[in-house]
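Everything below concerns the one structure shown next.
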Amino acid sequence: MSSIPTVHSTSKSTPTRPKAWHEYLTLDLFLAVLNRTFLHPFIAWIIVLCLRAQVTPYEHPAMITAISYAILLTVYTAAQMVSERIAFGLPRTVDLGEEVVVITGGASGLGQLIAQIYGMRGVSVAVLDVKEAAEIEGWQELSGVEYYKCDVGDRKEVEKTARMIEKDLGTPTVLINCAAAGINGQPFLSLSTNAIKKTIQTNLLAPFHTCQTFLPGMLEAENGGTIVNVSSVLGQLSAAGLSDYSASKAGLSALHRTLEAELRASGDHERVKMLLVEIGQMSTPLFDRIQTPNRFFAPVLEPVQVAQAIISAVDSGKGGIIRLPAFATLVNLYAALPVGVQRIARYLSGIDTAVARSAAEHVAHQQPNSQDQTSESELEIINAER
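The sequence shown begins at 2 in the working numbering and counts up by one.
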């Protein structure tokens with residue numbers, strides 16, 4: 002058995018303080034416990050059996066309630082399974098020994114973690130990123146992981162890199178679009194044209210280029226392929242101060258749904274599975290300066306949580322939608338609310354003040370450091386004069 006390679010972290014984000022115990026108590030935790038206990042059909046039928054073991058009559062109110070509840074959960078669970086089958090079809094066959102995974106933005110953050118996990122499992126992985134290979138520590142130690150310096154916002158570079166991957170690893174069958182531009186966090190009128198172009202080019206144009214480049218090979222592959230687009234709930238919520246980022250992610254979600262519709266119309270949806278990932282805030286360098294409005298309802302996700310969900314879905318051969326954390330599953334319902342209720346919800350959540358507040362805190366944090374540096378400089382001048 003080959004030894005497991007060492008995994009290095011290249012994140013240069015500022016170390017965060019240890020979480021207090023109450024910060025682990027989130028809506029997601031409570032829902033996870035409920036889904037595995039009182040909201041699980043198996044547990045519901047166990048309750049029925051326990052009542053029957055006590056020789057509780059079927060006409061007893063407790064027995065009637067327990068049976069009704071168990072039937073309701075069973076029907077709901079079955080309906081969910083049927084709905085997913087109708088929406089996304091049968092899963093494709095996935096053979097990790099034959100798959101070639103392409104990950105954009107795989108030099109850091111979520112993309113890097115996914116590349117490391119697949120690399121340790123012996124899967125052929127191609128990492129595309131604008132960074133130089135020398136800047137990325139430890140990726141050479143992962144067997145099967147190849148790094149390609151590529152600006153995915155440049156169509157010609159993507160096509161050139163695709164030919165290299167085809168030659169080195171084979172036809173790509175899994176595409177994971179993780180590349181994302183940094184969050185500017187500026188008011189609309191303060192955004193420069195270059196900042197807007199960079200965000201749109203990386204977050205929206207790049208997936209256009211990669212999907213158009215790698216999709217034909219997936220359609221011809223024996224077991225088809227999977228396309229994963231990592232978007233954001235901000236594409237639908239559109240927080241103040243994130244106009245460029247929100248617009249680019251909204252466009253990515255729209256691109257995903259349109260491509261999925263075209264594959265279904267052409268009958269290719271059974272061969273190429275589409276997986277849309279709409280997530281909240283993650284603890285990666287991309288979100289370093291943004292503070293979550295509410296840690297209970299909108300907890301900060303760890304990259305490993307998102308990576309686990311994506312890899313599990315890809316390995317299953319299924320298409321679908323992954324929304325994390327729990328509040329992200331309610332975003333579609335938000336659009337159906339009356340406008341007045343939406344305004345109240347935004348005010349209570351603090352979503353439109355989070356960016357400005359985080360920017361102010363960042364500036365306030367930098368000022369003491371600047372003052373300390375100034376004091377040190379003054380001391381050096383005084384000592385020099387002496």
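No residue lacks a Cβ here, since even glycine has one placed at the ideal position from N, Cα and C.
Where the beta strand (DSSP E) containing residue i begins and where it ends
{"i": "Glu279", "result": "Val273 to Ile280"}
{"i": "Ser125", "result": "Ser125 to Asp130"}
Residues sharing a beta bridge with residue i, DSSP
{"i": "Ser233", "result": "Ile280"}
{"i": "Gly321", "result": "Leu276"}
{"i": "Ile104", "result": "Val128 and Ile177"}
{"i": "Leu302", "result": "Met283"}
{"i": "Gly226", "result": "Val273"}
Under 8 angstroms between C-beta atoms of residue i and residue j
{"i": "Ala240", "j": "Ile352", "result": "yes"}
{"i": "Pro300", "j": "Asp29", "result": "yes"}
{"i": "Met391", "j": "His257", "result": "Residue 391 is absent from the structure shown; the chain starts at 2 and stops at 387."}
{"i": "Cys212", "j": "Ile104", "result": "no"}
{"i": "Ala308", "j": "Leu26", "result": "no"}
{"i": "Thr174", "j": "Glu100", "result": "yes"}
{"i": "Thr172", "j": "Gly218", "result": "yes"}
{"i": "Val126", "j": "Val153", "result": "no"}
{"i": "Gly242", "j": "Gly318", "result": "no"}
{"i": "Leu325", "j": "Gln343", "result": "no"}
{"i": "Leu235", "j": "Ser247", "result": "yes"}
{"i": "Ala67", "j": "Ile48", "result": "yes"}
{"i": "Asn224", "j": "Arg93", "result": "yes"}
{"i": "Leu111", "j": "Glu147", "result": "no"}
{"i": "Gly123", "j": "His270", "result": "no"}
{"i": "Thr57", "j": "Met64", "result": "yes"}
{"i": "Gly281", "j": "Ala181", "result": "no"}
{"i": "Ala310", "j": "Ile323", "result": "yes"}
{"i": "His1", "j": "Arg265", "result": "No statement about residue 1 is possible, as the shown extent of the chain runs from 2 to 387 and does not include it."}
{"i": "Val340", "j": "Gln237", "result": "no"}
{"i": "Pro42", "j": "Ala71", "result": "yes"}
{"i": "Ala355", "j": "Leu32", "result": "no"}
Rounded Cβ spacing between residue i and residue j (contact assumed at less than 8 angstroms)
{"i": "Gly116", "j": "Lys132", "result": "One point to set straight first is that residue 116 is Ala, not Gly, in the sequence displayed. 13 angstroms between Cβ atoms; not a contact."}
{"i": "Thr200", "j": "Ala163", "result": "Actually they are not in contact, since the Cβ atoms of Thr200 and Ala163 sit about 24 angstroms apart, beyond 8 angstroms."}
{"i": "Asn1", "j": "Val159", "result": "The shown model of the chain, from 2 to 387, leaves out residue 1, and the question about it has no answer."}
{"i": "Asp130", "j": "Lys161", "result": "The pair is not a contact, with the Cβ atoms about 15 angstroms apart (cut-off 8 angstroms)."}
{"i": "Leu205", "j": "Ser233", "result": "That pair is no contact at about 12 angstroms."}
{"i": "Leu176", "j": "Ile228", "result": "5 angstroms"}
Proximity test, Cβ basis, 8 angstroms: residue i and chain D
{"i": "Thr162", "result": "Among the protein chains of the structure shown there is no chain D, as only one such chain exists."}
Limits of the unbroken alpha helix (DSSP H) element including residue i
{"i": "Glu147", "result": "Unbroken run through Glu147 is the beta strand (DSSP E), Val146 to Lys150; no alpha helix (DSSP H)."}
{"i": "Thr194", "result": "Thr194 to Ile201"}
{"i": "Leu111", "result": "Gly110 to Met121"}
{"i": "His23", "result": "That residue, His23, is in no alpha helix (DSSP H); it is neither H nor E in DSSP."}
{"i": "Asn333", "result": "Val332 to Tyr335"}
{"i": "Thr78", "result": "Pro62 to Phe89"}
{"i": "Val95", "result": "Here Val95 belongs to no alpha helix (DSSP H), and DSSP marks it neither H nor E."}
{"i": "Glu1", "result": "As shown, the chain starts at 2 and ends at 387. That puts residue 1 outside it, with no answer to give."}
{"i": "Pro188", "result": "It is not in any alpha helix (DSSP H) - Pro188 carries neither H nor E in the DSSP assignment."}
{"i": "Pro217", "result": "Ala207 to Glu221"}
{"i": "His257", "result": "Ser244 to Ser267"}
{"i": "Gln343", "result": "Val340 to Ser350"}
{"i": "Leu50", "result": "Pro42 to Ala54"}
| Any contact of the stretch 180-196 with the stretch 251-262, i.e. 3+ C-beta pairs under 8 angstroms? | no
Inter-stretch contact (C-beta, 8 angstroms, three-pair minimum) for the stretch 267-274 and the stretch 311-320:
With the rule of 3 Cβ pairs closer than 8 angstroms, the stretch 267-274 counts as touching the stretch 311-320.
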